[in-house]
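Below you can see the structure in the form of structure tokens.
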């Protein structure tokens, strides 16, 4: 040990004793004064003054909870909300178990029970101060440095203790997630992102101290867990947190989602309860009409169902359980409709579950990346049929296939597509590529470069779902496409909405000026066909002509 270390060790650490009873202050001072310098405060307000005056030197606070003027709970709250003061560890002095739990939930580090045992008081003070010297006590033991919330292990442990002490309380597990937090960090900087996290943490601590009992922790970069006494309206809790965020995010909106696992099953492992709260939270990730979701049996069954689909995917692909159906598209610019092309649509014929709707598996596979394997399978099947129809029926029917966002960012995309053409001896002009408009909106510059290269190779590019949420008429003049597919919601509103008809006319006119053909999909009856022809639509697709059919039935459209 060098001289500086010895000198630092010999200097007495400063401890603040806070109690409204003179005899209690003197008793604690007597216990610790041989090892520590001691200053005193007789109530919460006096304590805060002395804490601020000695914030650099103060090593620890011994705090009574029940005092006049300002109680110990308010002192804990004020100290923990102040960034400069929050590093100072607090040990509470109490004889009540409920007060211990509440104070620990608010940010106290430890407690000593009344009546005091000298050796226990000294041992706990020594332990806390020694840890604080090595590193911030919050960071080193129970709390993370950035938010002041509990680390995961302590959070789960204290949550179990809280539930054990209050066996008559209904306790909820709550998961909170921030939408697109990584993007916020990239756009506005990590410091701003940290402010968001600290604001959420601060609001949670306030809610847990003022409105209910419980604990909170940050489980991942942008995810929080809360274990608390049941509340009836978590929407109000979410709004209270969001109100705090609005003060630091005036120019953009931070969206929070909450998933709740209600306290109905105390026998369930604590980690599993939070897994279920997180499942509920994840279910509304892309549902912008809801911000709070409750776990129920429907979610549980849906999760199990989706996991089975994922597990069965590769074997289904190998067995050929995925079947490509084809829906005809008709050119209606002449006197009679003429078959012009088809769209390839995937179906899953599961050996045990039967025919599975694409709405069940396509969004799922888009989220986990399996969609790229499925797309490649469809390209191959469609190319084989194009070749087969040419050889056997002497007809050339181009087929549209989906190219997902994941495909568009695959550096081997062009190589895979050209290999598909070569393997089946067809041309690029016979395999149309459908890209959703949302893909253009997400990273338009990179995607446009890829599309340009594909068009140079002879591929026809169709923008699918135009008008589904991202589009603007300006997009039609800035992106390289050959065909525009109007979202079916335009068609559904066509019959009785004259304004909608005028909008369709305008889209078709603009597309015509830039030499882009327009397909109307989802057309179901003759009146819709008539109005679309009146508006100048080129191609029509929908149940009016045919629902999607397996390849052996599609040949009937060849005439």
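In the numbering used here, the protein residues as written are 1 to 559. Yeah, the Cβ is synthetic: ideal placement off N, Cα and C, and Gly gets one too. Here the structure is a predicted model, which means the values were calculated and not measured.
Determine the direct distance from the alpha carbon of residue 435 to that of residue 222, and round the result to whole angstroms.
Within the chain shown, residue 222 is the residue found at index 222, counting from 1. Within the chain shown, residue 435 is the residue found at index 435, counting from 1. Distance between the alpha carbons of residue 222 and residue 435: 31 Å.
Just tell me which of 146, 22, 460, 412 has its CA closest to the CA of residue 400.
For the purposes of this step, residue 400 is identified with residue 400 of the chain shown, where counting begins at 1. When each option's Cα is compared against that of residue 400, the closest is 460.
What runs of the beta strand (DSSP E), each 3 residues or longer, lie entirely inside the segment 149 to 195?
171 to 178
How would you call residue 327, buried or exposed, if buried means at least 16 neighbouring beta carbons within 10 angstroms?
Taking the first residue of the chain shown as 1, we reach residue 327 at position 327. The residue is buried, with at least 16 neighbouring Cβ atoms inside 10 Å.
Compute the distance between the beta-carbons of residue 519 and residue 541, then report whether it is under 8 Å.
On the chain shown, position 519 is the one that residue 519 refers to. On the chain shown, position 541 is the one that residue 541 refers to. The beta carbons of residue 519 and residue 541 sit closer together than 8 Å.
Please determine, among 23, 69, 86, the residue with the shortest C-alpha to C-alpha distance to residue 52.
On the chain shown, position 52 is the one that residue 52 refers to. With distances taken between Cα atoms, residue 52 lies closest to 86.
Closest to residue 359 by C-alpha separation, out of 445, 346, 33, would be which residue?
Residue numbering aside, residue 359 sits at position 359 when the chain shown is read from its first letter. The residue with the shortest Cα to Cα distance from residue 359 is 346.
Consult DSSP for residue 293 and reduce its assignment to one of helix, strand or coil.
As a position in the chain shown, residue 293 is number 293, starting the count at 1. Of the three classes helix, strand and coil, the one that applies to residue 293 here is strand, per DSSP.
Starting from residue 560, trace the beta strand (DSSP E) in both directions and tell me its first and last residue.
A query on residue 560 cannot be resolved here, the shown segment of the chain reaching from 1 to 559 and no further.
Could you name the residues that DSSP lists as bridge partners for residue 227?
Here residue 227 is taken as the residue at index 227 of the chain shown, counted from 1. According to DSSP, residue 227 bridges with 173, 215.
Name the DSSP beta bridge partners of residue 463, please?
Within the chain shown, the letter at position 463 stands for residue 463. Bridge partners of residue 463: 435, 484.
Measuring CA to CA, which of 501, 286, 142, 46 is closest to residue 89?
To locate residue 89, count along the chain shown from 1; it is residue 89. The candidate whose alpha carbon is nearest that of residue 89 is 142.
Can you list, in chain order, the residues of its chain with a C-beta nearer than 8 Å to that of residue 108? Leave out the 5 residues immediately preceding and following it.
The residue labelled residue 108 in the question sits at position 108 within the chain shown. 63, 76, 90, 91, 92, listed in sequence order.
State the start and end residues of the unbroken beta strand (DSSP E) segment that holds residue 93.
Taking the first residue of the chain shown as 1, we reach residue 93 at position 93. 90 to 94 is the extent of the beta strand (DSSP E) around residue 93.
Between the segment 221 to 236 and the segment 119 to 129, do at least 3 Cβ pairs fall closer than 8 Å?
no
Which residues in the same chain have their Cβ closer than 7 Å to the Cβ of residue 549, if we skip the five residues on either side of it in sequence?
For the purposes of this step, residue 549 is taken as residue 549 along the chain shown, with counting starting at 1. For residue 549, where only same-chain residues beyond five positions count, the Cβ hits under 7 Å are 325, 326.
With the cut-off set at 8 Å, would you say residue 193 and residue 181 are in Cβ contact?
Here residue 193 corresponds to residue number 193 of the chain shown, with the count starting at 1. Here residue 181 corresponds to residue number 181 of the chain shown, with the count starting at 1. In this structure, the beta-carbon distance from residue 193 to residue 181 falls below 8 Å.
On the criterion of 16 or more Cβ atoms from any shown chain inside 10 Å, does residue 15 qualify as buried, or is it exposed?
One-based indexing of the chain shown puts residue 15 at position 15. When all chains shown are included, residue 15 counts as buried.
Leaving out five residues before and five after residue 299 in sequence, what residues of the same chain have Cβ atoms less than 7 Å from its Cβ?
Looking up residue 299 in the chain shown gives position 299. For residue 299, where only same-chain residues beyond five positions count, the Cβ hits under 7 Å are 279, 280, 283.
Buried or exposed, going by whether 16 or more other CB atoms sit within 10 Å of the CB of residue 289?
By 1-based counting over the chain shown, the position of residue 289 is 289. By the 10 Å Cβ count, residue 289 comes out exposed.
What residue does the alpha helix (DSSP H) around residue 570 start on, and which one ends it?
Absent from the structure is residue 570, since the part of the chain shown begins at 1 and ends at 559.
What is the residue span of the alpha helix (DSSP H) that residue 286 lies within?
Here residue 286 refers to the residue found at position 286 of the chain shown. It is not in any alpha helix (DSSP H) - residue 286 carries neither H nor E in the DSSP assignment.
For residue 146, I'd like the list of residues in its chain whose CB is within less than 7 Å of its CB, leaving aside the five on either flank, ordered along the chain.
The sequence position of residue 146 within the chain shown is 146, counting from 1. Correct list, in chain order: 194, 197, 198.
Just mark residue 276 as buried or exposed, buried being the case when its beta carbon has 16 or more other beta carbons within 10 Å.
In the chain shown, counting from the first residue as 1, residue 276 sits at position 276. Counting Cβ neighbours within 10 Å, residue 276 comes out buried, since at least 16 surround it.
Mapping the DSSP letters down to three states, classify residue 248 as helix, strand or coil.
Taking the first residue of the chain shown as 1, we reach residue 248 at position 248. Reduced to three states, the DSSP call for residue 248 is coil.
State the DSSP-derived secondary structure class of residue 550, mapped to helix, strand or coil.
Residue numbering aside, residue 550 sits at position 550 when the chain shown is read from its first letter. In the three-state reduction of the DSSP assignment, residue 550 falls in the coil class.
Leaving out five residues on either side along the sequence, give the residues of the same chain with a beta carbon under 6 Å from the beta carbon of residue 99.
As a position in the chain shown, residue 99 is number 99, starting the count at 1. Same-chain partners within the cutoff: 65.
Mapping the DSSP letters down to three states, classify residue 318 as helix, strand or coil.
Translated into positions along the chain shown, residue 318 becomes position 318. In this structure, residue 318 counts as helix in the three-state DSSP scheme.
Looking at C-alpha atoms only, which residue of 391, 385, 376, 464 is the closest neighbour of residue 410?
Taking the first residue of the chain shown as position 1, residue 410 is located at position 410. Here the closest residue by C-alpha is 376.
Ignore the nearest five residues each way along the sequence and tell me which others in residue 31's own chain have a CB closer than 6 Å to its CB.
Translated into the one-based positions of the chain shown, residue 31 becomes position 31. So the qualifying residues of the chain are 118, 121.
Report the residue ranges of all beta strand (DSSP E) runs contained in full by the segment 25 to 71; include only those spanning at least 3 residues, in chain order.
36 to 41, 58 to 64
Using DSSP bridges, identify the partner residues of residue 350.
The residue you call residue 350 lines up with position 350 of the chain shown. In DSSP, residue 350 forms a bridge with 354.
Please report the straight-line C-alpha distance between residue 201 and residue 491, rounded to a whole angstrom.
Here residue 201 is taken as the residue at index 201 of the chain shown, counted from 1. Here residue 491 is taken as the residue at index 491 of the chain shown, counted from 1. Looking at the two C-alpha atoms, the distance is approximately 47 Å.
Following the continuous beta strand (DSSP E) through residue 113, name the residue where it begins and the one where it ends.
Residue 113 sits at position 113 when you count from the first residue of the chain shown. Run containing residue 113: 110 to 113, per the beta strand (DSSP E) assignment.
In three-state terms, what does DSSP make of residue 87?
As a working note, residue 87 is residue 87 in the chain shown. In this structure, residue 87 counts as coil in the three-state DSSP scheme.
Looking only at its chain, what residues have a beta carbon closer than 8 Å to the beta carbon of residue 262, apart from the 5 residues adjacent to it on each side?
Along the chain shown, one-based indexing puts residue 262 at 262. Answer for residue 262: 170, 172, 230, 294, 295, listed in chain order.
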